[in-house]
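Okay, so the sequence shown: first residue is 309 according to this note's numbering, each after it adds one. Heads up, the beta-carbon is just placed ideally off N, CA and C, and yes, glycines get one too. These notes concern the structure reproduced below.
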Amino acid sequence: MPWRSRREHLALVLCYIVIGAYWLQHHYSGRIYARSDHWFGAINLLFLLAIVVVPYPIRIWVFHLGTAFEPVASVVFTTGVALIACAWMAKWFYGVVGRRTMDERLAADFIQQMTRRYGLAASTQIVAVPISAFSPRIGVAVTLLAVAFFFLPQPRPRYHPGEEPSLRDVSDG
Numbered sequence: 309m310p311w312r313s314r315r316e317h318l319a320l321v322l323c324y325i326v327i328g329a330y331w332l333q334h335h336y337s338g339r340i341y342a343r344s345d346h347w348f349g350a351i352n353l354l355f356l357l358a359i360v361v362v363p364y365p366i367r368i369w370v371f372h373l374g375t376a377f378e379p380v381a382s383v384v385f386t387t388g389v390a391l392i393a394c395a396w397m398a399k400w401f402y403g404v405v406g407r408r409t410m411d412e413r414l415a416a417d418f419i420q421q422m423t424r425r426y427g428l429a430a431s432t433q434i435v436a437v438p439i440s441a442f443s444p445r446i447g448v449a450v451t452l453l454a455v456a457f458f459f460l461p462q463p464r465p466r467y468h469p470g471e472e473p474s475l476r477d478v479s480d481g
């Protein structure tokens, strides 16, 4: 198989992994968010934009892997993936403040746990950008490890005592 073809396949697989990880999180967060408003929708559009454009930085990195341009391509890659994390965190922080869009029945410790979980992954992806400037492959590896973190099972939502959704509510959502 020619090297160019392998690069195309690697780019496709990496796009699938990155987009898939965030799709899983987006699907999971449907159990956390209870409503929406204009600004939440606008932030979701920014998140969607970051998802839509991420194949470009991934492809740039894959096609410059092992070349003199790998360091710059690594910064482009890690920045592209970090932008998704930043858009995700903007969505999260908008929804969590005053529980604008979150289900009020959710326990505060659960919201704090998810904030730490998402914040750790996003911070790791942001820190990977300057790392990739000095050590390209380590920066990319850190980014991909942070993305892989989203494939771990998420904690079940915890609710205030007596406010758990009925089985029908859970299966309908």
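Contact belief for residue i with residue j at Cβ below 8 Å, rounded distance in angstroms
i	j	result
Phe454	Thr432	According to the sequence displayed, residue 454 carries Ala and not Phe. The Cβ separation is near 4 Å, so the contact holds.
Val361	Gly388	7 Å
Arg408	Asp345	7 Å
Trp369	Val450	Not a contact, Cβ separation roughly 14 Å.
Glu378	Pro444	5 Å
Pro465	Phe418	6 Å
Tyr467	Arg413	5 Å
Ala342	Asp411	4 Å
Phe355	Ala395	4 Å
Phe501	Ile366	This structure does not reach residue 501, given that the chain is present from 309 up to 481, and the question cannot be answered.
Residues bridged to residue i (per DSSP)
i	result
Tyr467	Leu414
Tyr341	Met410
Inter-residue Cα distance where the pair is residue i and residue j
i	j	result
Phe401	Pro438	24 Å
Ala441	Val435	11 Å
Ala429	Ser474	31 Å
Arg339	Gly403	13 Å
Leu320	Pro469	45 Å
His317	Ala416	43 Å
Ile359	Glu472	33 Å
Leu391	Phe371	21 Å
Gln421	Val380	35 Å
Asn352	Arg315	31 Å
Three-state class that DSSP yields for residue i in the structure shown
i	result
Tyr324	helix
Val450	helix
Val437	helix
Phe355	helix
Glu472	coil
Gln462	coil
Pro310	coil
Val361	helix
Ser431	helix
Exercise. Run through the segment 366-428 for me and flag every whole alpha helix (DSSP H) of 4 or more residues, listed as ranges in chain order.
Key: If we require 4 residues or more, the alpha helix (DSSP H) runs fully inside the segment 366-428 come out as 378-404.
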